[in-house]
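Below is one structure, written out as structure tokens, with a few remarks after it.
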Amino acid sequence: MNEIKNYQTIIMHVDVNSAYLSWEAARALENGATIDYRDIPSIVGGNQKNRQGIVLAKSVPAKAYNIKTGETVYSALKKCPTLLVVPPSYKLYKKCSNALEELLKSYTPHVQRFSIDEFFIGFNGFAAHCQNPLKLAFQIRDEVFEKLGFTVNIGVSSNKLLAKIAGDFEKPNKVHTLFPEEIESKLWPLPVGDLYMVGRKTLPKLKTLGIFTVGDLANADDCFLKHKLKSFGMMLKNYARGIESSAVCADTPRQVKGIGNSTTIKYDVENRVEAHMILLSLTEMVGMRLRAIKRWASLVAVGIKASDFSKVSHQRKLDFATNSTSIIYDVGKQLFDEVWNGKPIRHLAIRVADLTDTAHYQLNLLDGDQIEKKRKLDHTIDQLRERYGQTSVFRGAFSNSPIAPIKGGTADDCSYPSMKSQL
DNA sequence: TCTGGGGTCCTAGGACCC
DNA sequence: TCTGGGGTCCTAGGACCC
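With positions in the first sequence counted from 1, the corresponding number in our numbering is that position plus 73.
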């Protein structure tokens with residue numbers, strides 16, 4: 074790669090290698106550990122007793138045992154009985170992610186957080202600076218390791234899709250390019266499952282159609298693809314040809330579309346009142362997060378996963394927008410009652426969507442006084458929780474109950490958009 | 001399978017309207 | 001009514017990502 078064409082924009086994809094595991098390893102070393110988790114078979118995994126036992130991240134030596142992200146900890150331990158299992162600590166990950174973001178921002182203001190461990194960074198007018206993008210990528214990689222103690226892969230190209238794919242080539246601690254002129258030689262020979270958005274279900278479909286490599290997809294007939302896979306097929310073909318043009322959006326993080334929390338319960342819940350309590354504990358968090366970003370929702374949805382893993386969901390569009398915990402809970406409870414078939418419950422979810430920037434109420438449903446009362450109550454509770462911690466205030470219903478009064482994702486955590494199907 | 005939790009987007013089918 | 005066709009909205013479910 075001595076010659077790099079003059080691209081107007083250079084985009085890099087920075088991806089932390091085995092993020093959760095690397096971050097745990099770096100912290101352990103700082104705290105005086107004598108072994109580096111990255112050098113032994115190890116994983117970050119959920120708690121089996123709480124039925125959350127899946128592999129969230131794995132070390133390179135663990136990968137050699139054919140341990141895969143997403144499989145059960147149980148099965149991983151069968152493959153490697155000496156496996157070290159580290160429980161996840163999301164606060165640490167958020168901190169590490171923020172530190173990486175700050176470091177990247179010292180190179181360019183065009184930094185887009187794509188997920189907790191992935192960033193896109195953009196550089197304009199590279200040719201004008203007479204600088205070699207590869208050299209810069211190596212410099213960033215080395216500085217991340219020196220200052221933060223973990224390795225990253227960096228993919229370099231002219232658009233986000235190609236940069237991301239390049240970052241996925243050989244790991245860890247590598248820099249790769251995938252410029253448009255390299256697509257045929259570097260991208261097309263790859264198995265089609267390596268392409269972004271070709272997942273568990275689509276891969277066998279493509280194989281049935283005789284499409285095995287990215288190149289097969291890139292050269293497949295448009296009509297045939299449209300017929301078999303609708304618009305998704307054409308999107309995939311474009312990806313296979315490296316066609317993608319979204320901008321690195323630094324200052325305009327996409328508005329969140331919805332907020333939801335869910336939990337797998339330690340035991341199967343078989344009674345309605347207990348299920349309601351869990352819904353309430355999840356709704357507390359959803360309401361807090363919604364109010365924290367000053368938005369109102371007019372759609373509430375509830376999801377239930379039974380112990381046999383069958384799923385049902387139920388949603389309702391409201392003719393008003395709200396961010397009141399008690400109103401969201403009332404609707405959620407109702408939705409639950411309408412759809413629960415009595416099967417033992419493993420997992421419960423509540424989510425709100427159709428978000429707006431202003432409240433609009435249906436006045437005949439609740440009078441102004443009630444609305445104002447609910448608003449003030451939520452506001453006061455939010456403030457107390459912020460000042461004295463999340464467990465400082467909770468509803469009386471929880472006081473003699475084993476159920477945690479608040480459950481689910483973090484309120485201060487919605488500052489970046491998560492994955493979306495279009496880069 | 002002893003199978004998490006946070007998201008986004010798409011599609012099919014039904015209700016409803018003209 | 002032995003009922004056409006197009007458009008929009010809503011809902012459930014499923015696909016994908018990390």
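Heads up, the beta-carbon is just placed ideally off N, CA and C, and yes, glycines get one too.
Exposure label - residue i; buried when at least 16 CB within 10 Å
i	result
Q81	exposed
Q185	buried
D430	exposed
V346	exposed
A99	buried
T286	buried
I423	buried
S472	exposed
L457	exposed
E219	exposed
S319	exposed
H452	exposed
N104	exposed
E243	exposed
P206	buried
Y340	exposed
Cβ pair residue i, residue j closer than 9 angstroms
i	j	result
I351	I332	no
V342	V385	no
K416	F252	no
P114	I140	yes
L156	L165	no
E257	G288	yes
L372	D427	yes
A370	D455	no
S179	I84	no
A477	S335	no
T275	L234	no
V89	V225	yes
K310	A293	yes
K167	I189	yes
DSSP three-state assignment for residue i, whether helix, strand or coil
i	result
F211	helix
E216	helix
W96	helix
D442	helix
S494	At S494 the pLDDT is 38, less than 50, meaning the model places this residue with poor confidence and gives no usable figure here.
L298	helix
R327	coil
P262	coil
V283	According to the sequence displayed, residue 283 carries Gly and not Val. Three-state DSSP puts G283 in coil, outside helix and strand.
S188	strand
N360	Looking at the sequence shown, residue 360 is not Asn but Gly. Helix at G360.
G405	helix
Cα-Cα separation between residue i and residue j, rounded to whole angstroms
i	j	result
I418	D403	20 angstroms
P277	E254	29 angstroms
Y66	I127	This structure does not reach residue 66, given that the chain is present from 74 up to 496, and the question cannot be answered.
F308	L290	Checking the sequence shown, residue 308 turns out to be Met, not Phe. Spanning the two alpha carbons is a distance of roughly 11 angstroms.
L177	M270	26 angstroms
S397	G360	6 angstroms
F305	G441	47 angstroms
G268	I316	First, the amino acid is wrong: residue 268 is Leu here, not Gly. Roughly 13 angstroms between the two C-alpha positions.
A236	E191	11 angstroms
G322	A172	A quick correction: the sequence has Cys, not Gly, at residue 322. C-alpha separation (whole angstroms): 19 angstroms.
R327	T181	20 angstroms
S465	I479	11 angstroms
T250	A210	10 angstroms
N383	N414	Rather than Asn, the amino acid found at residue 383 in this sequence is Ser. S383 and N414: Cα-Cα distance of roughly 11 angstroms.
Selected residue, minimal CA-CA separation from residue i, among the options
i	options	result
V425	I284, N473, L150, I400	I400
N123	L207, L450, L391, V146	V146
M358	E219, K237, E216, E459	E459
V375	G222, A137, F409	F409
H183	V133, L372, V87	V87
A92	K449, K330, T398, S132	S132
F187	G198, S179, E174	E174
A239	L260, E219, G222	L260
R111	N120, E103, L94, T336	L94
K378	Q121, L298, R389, L421	L421
T395	A470, I444, F382, S380	I444
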